Structure formats: structure tokens, C-alpha cells
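These notes are about the structure you will find just below.
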Amino acid sequence: MRKLESIHFHQFRGIRDLRLENLGQVNLLVGINNSGKTSVLEGLSIYCHPLDLREWFRTARQREQESRLNQTSVLDSVRWLFPKLHSRGDRVGEPEVGTLMITGDGSFPVKKLQARYEVIEGLRISERRRRANIGRSKKIEDETSEIQKGIDLHLEIYADPSQLSFLNNDPPTFTQDFQLWEDAFIGKLPRSGQLNLETSIVTPSSHRSETEQFRLLSKASFHDFKTSAISLLRQVDPGITDIEILLSPDSISSSRFSAYIQHERFGLAPLSTFGDGIRRLLHIALKLASVQGGILLIDELEATIHTEALQNSFKWLVRSCKELDVQLFATTHSLEAVDALLEVTESESDLVLHRLEPKETHTRVVRHDWSRLKLLREELGQEVRW
Numbered sequence: 322m323r324k325l326e327s328i329h330f331h332q333f334r335g336i337r338d339l340r341l342e343n344l345g346q347v348n349l350l351v352g353i354n355n356s357g358k359t360s361v362l363e364g365l366s367i368y369c370h371p372l373d374l375r376e377w378f379r380t381a382r383q384r385e386q387e388s389r390l391n392q393t394s395v396l397d398s399v400r401w402l403f404p405k406l407h408s409r410g411d412r413v414g415e416p417e418v419g420t421l422m423i424t425g426d427g428s429f430p431v432k433k434l435q436a437r438y439e440v441i442e443g444l445r446i447s448e449r450r451r452r453a454n455i456g457r458s459k460k461i462e463d464e465t466s467e468i469q470k471g472i473d474l475h476l477e478i479y480a481d482p483s484q485l486s487f488l489n490n491d492p493p494t495f496t497q498d499f500q501l502w503e504d505a506f507i508g509k510l511p512r513s514g515q516l517n518l519e520t521s522i523v524t525p526s527s528h529r530s531e532t533e534q535f536r537l538l539s540k541a542s543f544h545d546f547k548t549s550a551i552s553l554l555r556q557v558d559p560g561i562t563d564i565e566i567l568l569s570p571d572s573i574s575s576s577r578f579s580a581y582i583q584h585e586r587f588g589l590a591p592l593s594t595f596g597d598g599i600r601r602l603l604h605i606a607l608k609l610a611s612v613q614g615g616i617l618l619i620d621e622l623e624a625t626i627h628t629e630a631l632q633n634s635f636k637w638l639v640r641s642c643k644e645l646d647v648q649l650f651a652t653t654h655s656l657e658a659v660d661a662l663l664e665v666t667e668s669e670s671d672l673v674l675h676r677l678e679p680k681e682t683h684t685r686v687v688r689h690d691w692s693r694l695k696l697l698r699e700e701l702g703q704e705v706r707w
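Following the working numbering, the numbering of the sequence shown begins with 322 at its first residue and continues without gaps.
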């Protein structure tokens, strides 16, 4: 049984009643713009970490990771994960509320995630003390108050007790409530343990973050999967022998560390000199090695990879997913990417294409398994993306 055999997004962001059935090892999501492909990846990330508030925040802010100016507030970003039941002004005197629900099946114990938020208001009272001109020792207290908005967040998770080692006869239901305010400290976070499934997401631009690359490389060294990541990358470029974070002895800056690749042909060279394609493939390799036995999510699978390199890159990716027991979900707009994946997969369980078709009340999903996809593309030459 796969980690996820099926997933049903009842309500999440802008998608309604979207079902992905009979999932494969490699699941390709296609469809027109704004059909919900990226939202599916975000929903999967939260479903696999239902009680991890950090994952909720990270997912909510993910689309703004490159924007440093005019970012949406954290709480507003969280609210946009929810389809709203009604907003202030729709029903006089009632607060804004929103709900979401995702259900799934597979070896992952969590079977249902329900969440609800409600906008709340509180009174912030601050005391500012300033010295008066009438004497250095005398102080005047200036008390101000202002209305501050926050949200009450209620999470409810249903799990299969037969798949959880710590449950005996207890009901397999877990609930958690958070009261969230802007710039406020959140106390001890709940332990989620077996309610987490290891996941990681690759966005079209996440490989360009030096901080993220350093973090991944450091994690790879500390958790002993750097060798696996290099092995994966060598399948694309056999000349790569090592990756290190170094401070060049010729650097003018005393704190400017960079990632370097040890290459049989080029010697020690900065990662940046290898181009965007290798940087993204390294990013994918590190992410893939870090989620062994879990799920890898890739938005815009073909991004930065030259069309002539797609087949070799995907052959490496599919083989690595099998070796590391990783289930892959990826979005694409590229017909070349579809054909390249079809070429490097062999059986019906390897590749499943899901075409998302938004309707007024739901999202229709057209599923093509490997055999049907091969017929449509190689024999009939049909368009399968939309």
C-alpha cells in the first residue's frame, strides 16, 4: 500500500470536491491556469503535517517567498487557506469564519483533517512612560488602547488506530486549538509524531535561495544523506564527486560562504557556475534524499531544465523515487515533460496523470494511467494537458 492511495479535497483554498483516486508512485498534475494544481500540493503538505503549526505558516506564505515588500500578514495568509463560509458584512454581527476539510486513504494513519478558523478581536493596552519637563524624577503614564484582530484556529484529525502504535482503545481523534495574534508568542507546540508524514516541496524558485541550499546541505551532512544526494546528482553528471560549503581564501568578505562542487573535470567550482538547471537538480536531489519513505512535491517539474535534458533528468528522478520509496506529486505545463516521463516509466503503477478541470461547484479530475496515456500520446498524438 502506498503512503497515499487517494486524496479528497472537500474544501481547500479555491478548490472544491477534488478527488485524486488510485494514486501512483509518480503523479503528474496538469490543467489550465488557476485549475488548482499548486493548491493540491499545498493541501498535501498540510494534510501530511496536520498539527504542525510551522507547516501551516510556511505553506500559507510560500507563494510570497520571493517578495520582500508588501507581503500579506501571516494570519491573513493562513485565512486564505480556507474557503470562507461568510465574511463580516455578509451577516451583520457575525464574525468571519472559514472551514477546510481533506480526507485520504493509504498507509499514512491520518484519514481526515478538518480545520476551522474564526476572526476574533481583542483589546491591546500599552503603557508608555515619558519624563515630564517638570522634574527628572517624575514620570507620567500614557495609557493607550487599540483593537487588535486575531484568529481562533481549531484543528481536528481522525486517524486509523490500527496504523498507530501508541493507540489502544482510545478514539482515534486528535484536536488542537490555537489562539493566534500578530507578533505574539506561541507557547509549547503539540507533538505530532506518527501523525506526520515526511514531505518536502520544491517551488520554481526555491533553488535560488542560498540560505535554503546551505540549510539543506548542512542537514544532509548532519543526517548522513549527503552521499545519497551526490549519488543521485551523479546520475545526471557523473563528474560530480562532492559538494561543500566553503569560504574562498581569495574572498574579500570574511563571511561570504558559498556552495562548491568538486568536479572531476572542472575541479572545485562554485555551484553558481553550473547554471540554473544543475542548481535546481541539486535542490531536488537534496530534498528527495531528505524525505526517504515520504512524499516529494514539485511545482513546475520542468522549470529551468532544458528540453533535451528532460528525459535523462526524469529517468534519474523516477529511479531515485523507487530506490528511496518516495511518492512524487508534480505539476507541469509542458507536453515535453509529459512525454519524457512517459518514456522513462514502465508500468501502470509508475505514472498517473491527473487533469484538473474546474467546474462551478467542483473540480473534475480526468485520470490517465500509464497504458492509456501511452495510447493517447504515442499512437493518437492527443493533447492531454487541457
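Cβ coordinates follow ideal geometry from the N, Cα and C atoms, glycine included. None of the values given here were measured: they were computed from a predicted structure.
Assigned exposure category for residue i - 16 Cβ within 10 Å defines buried
i, result
"residue 591", "exposed"
"residue 532", "exposed"
"residue 476", "buried"
"residue 505", "exposed"
"residue 549", "buried"
"residue 544", "exposed"
"residue 681", "exposed"
"residue 349", "buried"
Own chain partners of residue i with C-beta closer than 6 Å, once the 5 adjacent residues on each side are dropped
i, result
"residue 331", "422"
"residue 528", "600, 601 and 604"
"residue 645", "613"
"residue 329", "340 and 424"
"residue 579", "591"
"residue 495", "478"
Residue j beta carbon less than 8 Å from that of residue i
i, j, result
"residue 428", "residue 323", "yes"
"residue 433", "residue 420", "no"
"residue 404", "residue 440", "no"
"residue 621", "residue 525", "yes"
"residue 595", "residue 616", "no"
"residue 478", "residue 362", "no"
"residue 537", "residue 499", "no"
"residue 688", "residue 342", "yes"
Close Cβ partners of residue i (< 7 Å) along its chain, the five nearest in sequence each way excluded
i, result
"residue 632", "661, 664 and 665"
"residue 637", "553, 556 and 557"
"residue 641", "553 and 609"
"residue 598", "625, 626, 627 and 630"
"residue 670", "345 and 346"
For residue j and residue i, the rounded distance between their alpha carbons
i, j, result
"residue 611", "residue 546", "7 Å"
"residue 691", "residue 698", "10 Å"
"residue 365", "residue 442", "31 Å"
"residue 327", "residue 344", "6 Å"
"residue 333", "residue 418", "14 Å"
"residue 368", "residue 355", "21 Å"
"residue 577", "residue 567", "9 Å"
"residue 635", "residue 560", "19 Å"
"residue 347", "residue 648", "6 Å"
"residue 373", "residue 398", "16 Å"
"residue 472", "residue 380", "17 Å"
"residue 336", "residue 360", "8 Å"
"residue 401", "residue 700", "43 Å"
"residue 551", "residue 510", "35 Å"
"residue 667", "residue 630", "19 Å"
"residue 586", "residue 643", "30 Å"
"residue 710", "residue 371", "Lying before the first or after the last residue shown, residue 710 is absent from the chain, which here runs from 322 to 707."
"residue 581", "residue 437", "46 Å"
"residue 679", "residue 353", "9 Å"
"residue 501", "residue 392", "18 Å"
"residue 593", "residue 485", "45 Å"
Neighbourhood of residue i by C-beta, 8 Å cutoff - its chain only, sequence neighbours within 5 removed
i, result
"residue 351", "358, 652, 653, 654, 659, 674, 675, 676, 677, 705, 706 and 707"
"residue 657", "623, 628 and 631"
Supposed close pair residue i, residue j - CB separation, criterion 8 Å
i, j, result
"residue 583", "residue 563", "4 Å"
"residue 686", "residue 339", "6 Å"
"residue 618", "residue 520", "6 Å"
"residue 395", "residue 382", "7 Å"
"residue 570", "residue 516", "Actually they are not in contact, since the Cβ atoms of residue 570 and residue 516 sit about 48 Å apart, beyond 8 Å."
heavy atom of the ligand ZN below 7 Å from residue i C-beta
i, result
"residue 579", "Annotation note on the ligand ZN: not contained in the displayed structure, which lists no ligands."
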